Amino acid sequence: MIRKAALLAALSAALLAPMVAVTPGSAAAKPAVTAQRQGFAVSISSITPEAPRNLTDEIKFTGTVRNDTGSPQYNVSIRLRYRSQPFTDRAELSAYEADPAAVPPLVSSTSSMYIPTLAAGAQQEFEFTATPVQLGYRSFGVYPVAVDVAPNGVSQATQRTYLTYAPATPQKLPRNKLAIALPVIDQPHRSTDDGAFVDDKLSQALTGRGRLADLARIAQAAPTTVTWVFDPALLDDVSRMAKGYSVKTKDGEQKKPASAEADQWLKTMRSALAASPVVATPYADPDVAALAHHGLDTQTERAIELGGQTARSLLNQNAKTNINWPANGLLDPDALDLLSVSEVDTVLLNSTNLPPQQPVTTTPDAASTLDSVNGPVTALVADAELSRLFEPATSTSVLLSTQRFIAETAMIAAEQAQPGQTTPRSLVVAPSRRWNPNPALVTALIKTAGRLPWLQPATLESIKPGRASVPRAGLAYTDQDRKEELTRKYLDPVRDTWAKAQLTSLITTQKTQSRFDAAVLRLTSSAWRNSTRMGRSVTNTVGKAVDDQLAEIRITGASPDSPRTLAGSSGVVPISVKNELTVPIELYIEVKSDNPELLTVTFDQPEPLPIGGGQSGTVQVLMNAAPDTSGDATVTVQLKTADGQPYGKPQRLTIRTTGYTGIALVIVGAALTVMLAAVVTRLLRRRSQRKLARAAKNRESETV
């Protein structure tokens, strides 16, 4: 027993031997000099393997230390710091991350390398190697590690990170499904569909290190399990740029040639995502909550329909519209009902919008079910911390974000190692909808997710509620959330413009959709939440274009200077309508007298008046003047749709009456009698003359 114990002690001593630190040379100390206590930069550039799995795996830490103090520094130590106790849960890990002063202890002075002199501006590489046993790791878990720089033993700068030890566990960890949803959403850049852009920001985003160019780079490297969420209005704008466009300026418009970059971006996205799941937001990514709260229900359904058509035409023929990702990932029951009646059966939400019913100590499953007016809707809740790692708020290295991602997902897996937590769960990653990604970071995280043994990459649509689902408290929508919506003041002009834009489609014989649908839907974009001034400017432009279209169908001759004359006490007055559109129309005409005591109108139109494109149509209206009157009266003429809606503004026509009544009729009658008598007299005289002529002729014949 003593010999066996001695052998075990010897083996333990060997395994716990000091870690190796590679040093640049001897560590002979020089006299300390006065040095700044700030200005060092330390960076860990690699950790291999990223998640060791065996006790004897050699873990290598490499990086650099730079002296930015402005003066030489002497007797500089670079030290590896670590802790042999893992984090107990994600809450502890988050608390550690939030406290910059929290660093692992300095376990051994032998885990250091010494630099006799580090010149001002100089950079020194470092490398440490260790095994899990030497670091004191005994079980699966996430452990804090750090590297600091300490001139004269006083720490001046520290780089913290995490190391996940992932040995085979007695109880096999379930593989959690991980769905990653990446948004490609922008603000509208056009007002109407005539190719005029309100700015040229889209051109900048598509080129170089632009935001959309970076998203194309990610798409080219992403696996087909990643779900892409596109705003079809963005695709529409890019497609227009590829054909040539103009940009509005203070002095008018600046013509731009066809954009080769826009054309290439579309081609790249089509090719890269040909086999990937694509979700289309409603066209222009409308503020659905605001539309629901202010009675613009029709627009959401039309935006979903147009969004699907556009995405399938320009990007991916299999683009889906049954999944909705609302503004800020927030919905209330009204908005949910509005989406559900438009055939949306899945919503992607922020974790604050749908919290667990009871406080939980473990990570809840992403999927749950919500009740709507149209039946159950699947709610997918994005994990806030995992999503933030895809777009860190501060500058960070790919390595640090990757190690944190490994740590977070490993902690979730460790939760399931507990009794009763063996059922695989679902996780969803969803960065903010108008993010500015780092392609190298996002690509690295996606690749890392694909090789971790406790994760199973999945599409967003494959995530469904199951046995692991946690009861949720219902949609939490605060007063502040409501305040961030587009306001009634903003939406009222949009509502009016939409209503007027639909009128032309109601009178065209083909009953096609309004050509302004896309333009008006852009006005409802959630992008205008943070830019209402620009949104109002675009609304004014679209409103003017809609009014101009209404004016292309008009009543001709409607001018006070051009009165229509009604000869007599009654008569028929023609009213003509000019159709300057290129398509045929059918409409009704309503005529009302403004002076019924002077003039009455009798007009019934059982069938609509058809008018061809570029042609005019006329109706005959019977009007009656009051007895013993003459002069001017007015009638109001209103064009109407088949369902009785006014089309355009009403027009007034002046009717000039010249009625003959009373004494005027006697005078006219007497004049007619005199004229008749004169005519009869002339006829009798001519007959008498003819008789005399014949008699004279007869006498002459008898004489001969």
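Oh and the sequence shown: position 562 is 561 in numbering that gives the first Met the number 0, straight run, nothing missing.
Built from N, CA and C at the ideal position, the CB exists for glycine as well.
It should be emphasised that the depicted structure is a prediction, and the values quoted were computed from it without experimental measurement.
Closest by C-alpha distance to T377, out of A366, A302, P99, is A366.
Sequence-distant Cβ neighbours of Q253 in its own chain, meaning closer than 7 Å and more than five residues away, are S245, V246. Look at R494 here: in three-state DSSP terms it is helix. Beta-bridge partners assigned by DSSP to M622: G570, V600.
Nearest C-alpha to L638 among K648, P104, A429, G542: K648. In its chain, beyond the 5 residues on either side, D185, R210, L211, A212 have a beta carbon closer than 8 Å to the beta carbon of A204. Counting only the Cα atoms, E384 lies some 15 Å from Y161. Rounded to whole angstroms, D516 and V620 show a C-alpha spacing of 36 Å. Around the beta carbon of T47, a 10 Å sphere encloses fewer than 16 other beta carbons of the protein chains shown; the residue is thus reported as exposed. Contact between I654 and L565 holds, with the beta-carbon distance rounding to 5 Å and staying under 8 Å. DSSP places A204 in the helix class (H, G or I) of the three-state scheme.
Taken atom to atom, the span from the alpha-carbon of P71 to that of S138 is near 43 Å. A straight-line Cα-Cα distance of about 12 Å links G465 and P363. Annotated three-state conformation of F389 is coil, per DSSP. Note on S561: under 16 other CB atoms within 10 angstroms of its CB, so exposed under the neighbour-count rule.
Nearest to A412 by alpha-carbon distance, out of S238, K176, V576, Y95, is K176. The three-state secondary structure of R424, taken from DSSP, is coil.
If one requires a minimum length of 3 residues, the beta strand (DSSP E) runs lying completely within the segment 318 to 369 are 345 to 348, in chain order. Proximity to P436 across P355, L181, T657 peaks at L181, based on C-alpha coordinates. At a Cβ-Cβ threshold of 8 Å, P285 and T299 count as neighbours. Sixteen is the threshold: since fewer than 16 other Cβ atoms of the shown chains lie within 10 Å of the Cβ of E579, the residue is exposed. In the structure shown, P438 adopts helical secondary structure according to DSSP, grouped into three states. Minimum Cα-Cα distance from L313 among the listed residues Q357, M410, A241, A156 corresponds to A241.
Sorting L549, A289, P438 by C-alpha distance to the C-alpha of D478 places A289 at the top. The criterion of a C-beta distance shorter than 8 Å is satisfied by S339 and G374.
For V287, the enclosing alpha helix (DSSP H) stretches over residues 287 to 292. In the structure shown, N66 adopts extended strand secondary structure according to DSSP, grouped into three states.
If you look at G140, you'll find it in the beta strand (DSSP E) that goes 140 to 150. By the Cβ rule, the segment 229 to 239 counts as touching the segment 266 to 283, because three or more pairs are nearer than 8 Å. Taking the Cα of R239 as reference, the smallest distance to any Cα among T368, A40, A195, Q155 is reached at A195. A straight-line Cα-Cα distance of about 16 Å links V441 and D382. In this structure Q548 is buried. Its beta-carbon is surrounded by 16 or more other beta-carbon atoms within 10 angstroms. In the three-state DSSP reduction, T617 falls in the strand class (E or B).
H292 sits close to E484, with the two beta carbons spaced by under 8 Å. In the three-state scheme derived from DSSP, where H, G and I count as helix and E and B as strand, W527 is classed as helix. Non-local C-beta neighbours of G152 in its own chain, meaning closer than 7 Å and more than five positions away in sequence, comprise S76, ordered along the chain.
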